[in-house]
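First comes the structure, then the notes that go with it.
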Amino acid sequence: MKKIGIMGGTFNPIHNGHIEIAKAAYDQYKLDEVWFMPNHLPGYKSDKDVISGLHRYNMTNLAIKDYDHFKVSDIEIRREGKTYSYETFTILKNDNPDVRFYFIMGADSLFYFDKWVHPEIIIKYTDILVASRDDNGIEEINNKILELENIYGEGHFYVIQCPNIDCSSSKLRQYIYDLYENESNIKIKEYINRYIPSNVYQYIIDNKLYC
Numbered sequence: 020m021k022k023i024g025i026m027g028g029t030f031n032p033i034h035n036g037h038i039e040i041a042k043a044a045y046d047q048y049k050l051d052e053v054w055f056m057p058n059h060l061p062g063y064k065s066d067k068d069v070i071s072g073l074h075r076y077n078m079t080n081l082a083i084k085d086y087d088h089f090k091v092s093d094i095e096i097r098r099e100g101k102t103y104s105y106e107t108f109t110i111l112k113n114d115n116p117d118v119r120f121y122f123i124m125g126a127d128s129l130f131y132f133d134k135w136v137h138p139e140i141i142i143k144y145t146d147i148l149v150a151s152r153d154d155n156g157i158e159e160i161n162n163k164i165l166e167l168e169n170i171y172g173e174g175h176f177y178v179i180q181c182p183n184i185d186c187s188s189s190k191l192r193q194y195i196y197d198l199y200e201n202e203s204n205i206k207i208k209e210y211i212n213r214y215i216p217s218n219v220y221q222y223i224i225d226n227k228l229y230c
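Residue numbering for the sequence shown follows our numbering, starting at 20 and increasing by one per position.
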């Protein structure tokens, strides 16, 4: 059975932290592919700071172009309104009944997973891989996994060991905005260059995003 990881997110913008998590999931759980899936608009966010799905899709495509086992999917950005993971996995499983799906998420998402819309459907159709960026929170993650397994009585949760990469899309958006205002700020340039693939950053500049 083919094993496919699903890396969902707003990717606003995509950064090296996302890539490292996907690489760790691919290597540690022997996945055949990882599909990056930009959200149209996730159910828990407003659209205030989220740029168009086309731009986020294009940036994701650029970020993963050197990885043959990484793909980008437009299944969510083609849907109107807010998108919910249970709907996506229902579609994926119906269309691919012989695929074993792995939902890749951060530890922060795990701790709110039982507050999502229909988590029982997500668990029915996927195994869940939780990214732990350091060992300090592993006990809390394991405790939450036990709690969720007791609540739902099924499902498989596994931990991905990932490098601790100190970046976030919101911080990068702010730094990009700051750099438009002050192009000579070396520290901000170095931070952006460290965490955003160069072709993605060039796309941002060419399209005047986040200014």
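For glycine and all other residues, C-beta sits at the position ideal for the given N, C-alpha and C.
Problem - Minimum C-alpha distance to Glu-173 - residue among Cys-181, Ile-179 and Ile-164 - result: The shortest Cα separation from Glu-173 among Cys-181, Ile-179 and Ile-164 belongs to Ile-164.
Exercise for the section: Verify whether the separation of the beta carbon atoms of Thr-109 and Ile-140 is less than 8 Å. Expected result: It is a contact, given that the beta carbons lie within the stated cut-off.
Practice task
Per DSSP, which residues does Tyr-177 bridge with? Please list them.
Solution key: The partner list for Tyr-177 (beta bridge, DSSP) reads Leu-148.
Problem - Spatially closest choice to Ile-96 from Asn-58, Tyr-229, Met-26 and Cys-186, by CA coordinates - result: Considering only alpha carbons, the answer is Asn-58.
Problem - Element boundaries [beta strand (DSSP E), containing Tyr-214] - result: That residue, Tyr-214, is in no beta strand (DSSP E); its alpha helix (DSSP H) goes 205–214.
Exercise for the section: Could you spell out the range, first to last residue, of the alpha helix (DSSP H) harbouring Arg-192? Expected result: Following the DSSP letters along the chain, one finds Arg-192 inside the alpha helix (DSSP H) bounded by residues 188–200.
Handout entry: Cβ separation of Ile-211 and Tyr-194, assumed to be a contact under 8 Å, to the nearest whole Å
Key = That belief holds up - the Cβ atoms of Ile-211 and Tyr-194 are roughly 6 Å apart, short of 8 Å.
Practice task
For the alpha helix (DSSP H) holding Glu-168, just list the boundary residues, first then last.
Solution key: Residue range 157–171 is occupied by the alpha helix (DSSP H) that includes Glu-168.
Exercise for the section: Compare the beta carbon distance of Ile-234 and Phe-89 with 8 Å and say whether it is the shorter of the two. Expected result: Nothing can be reported for residue 234, as the shown portion of the chain is limited to 20 through 230.
Problem - Minimum length 4: unbroken alpha helix (DSSP H) runs contained in the segment 35–111 - result: For the segment 35–111, whole alpha helix (DSSP H) runs of length 4 or above, ordered along the chain, are 35–47 and 72–82.
Practice task
Taking 8 Å as the cut-off, decide whether the C-beta atoms of Leu-191 and Tyr-48 are in contact.
Solution key: Not closer than 8 Å, so no.
Exercise for the section: Compute the distance between the beta-carbons of Ser-203 and His-34, then report whether it is under 8 Å. Expected result: The answer is no: Cβ separation not under 8 Å.
Handout entry: Sequence-distant residues of the same chain with beta carbon closer than 7 Å to Tyr-76, five excluded per side
Key = Cβ-Cβ distances below 7 Å link Tyr-76 to Pro-57, Val-91, Asp-93 and Ile-96 in the same chain, with the five nearest sequence neighbours on each side left out; the list follows chain order.
Exercise for the section: Indicate whether at least one CB of chain B lies closer than 8 Å to the CB of Ser-189. Expected result: Annotation note: the requested chain B is absent from the structure, which comprises a single protein chain.
Practice task
Could you tell me the boundaries of the beta strand (DSSP E) in which Phe-130 lies?
Solution key: Per DSSP, Phe-130 belongs to no beta strand (DSSP E); it is in the alpha helix (DSSP H), 126–130.
Exercise for the section: Would you list the one or two residues that DSSP bridges to Ile-33? Expected result: Answer is none; Ile-33 lacks a bridge partner.
Exercise for the section: Determine which residues share a DSSP beta bridge with Tyr-121 and list them. Expected result: According to DSSP, which records beta bridges pairwise, Tyr-121 is partnered with Gly-24 and Asp-146.
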